[in-house]
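Residue numbers (the UniProt record's numbering): 1 to 131.
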């Protein structure tokens, strides 16, 4: 499968198959999202003056997916032009941060209480997806 992706990227550098571009971008965005949630938790613990062991645990939890995120960004940039890969990656990172943050921090509870908020949120997500 890897050789197919690399061959496709070389054959069509200016207009690659978007399904193949999504693979490293989605993994990098997912890892980045988990790292961001870990960093937010680390910041919250520091603000609450929590035990140092808890703080370092969340910092380590944030660091591991951040390393994977950088790995997959590098893989994507090795295969595709920056002008092709980065917009896809950044859009996915924005969407995953929004979705995972809503779920992890239960922010969806306030969102669904108002149909106007839900509608504006849905339109915003749709606009990001459309580019």
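Quick reminder that beta carbons are idealized off the backbone N, C-alpha and C, glycines included.
It should be emphasised that the depicted structure is a prediction, and the values quoted were computed from it without experimental measurement.
Listed in chain order, the beta strand (DSSP E) runs fully inside the stretch 89 to 125 amount to none, counting runs of at least 3 residues.
Within its own chain, the residues whose Cβ lies closer than 7 Å to the Cβ of residue 68, once the five positions on either side in sequence are excluded, are 31, listed in chain order.
With fewer than three CB-CB distances shorter than 8 Å, the stretch 16 to 27 does not count as touching the stretch 40 to 52. Here residue 86 is near residue 77, since their CB atoms are less than 9 Å apart. The beta carbon of residue 39 sits closer than 7 Å to the beta carbons of 62 from its chain, once the five residues preceding and following it are set aside; these are given in chain order.
Beyond the five residues adjoining it in sequence on each side, residue 112 comes within less than 8 Å, by CB distance, of 118 in the same chain, given in chain order. With a threshold of 16 other beta carbon atoms within 10 Å, residue 42 meets it and is buried.
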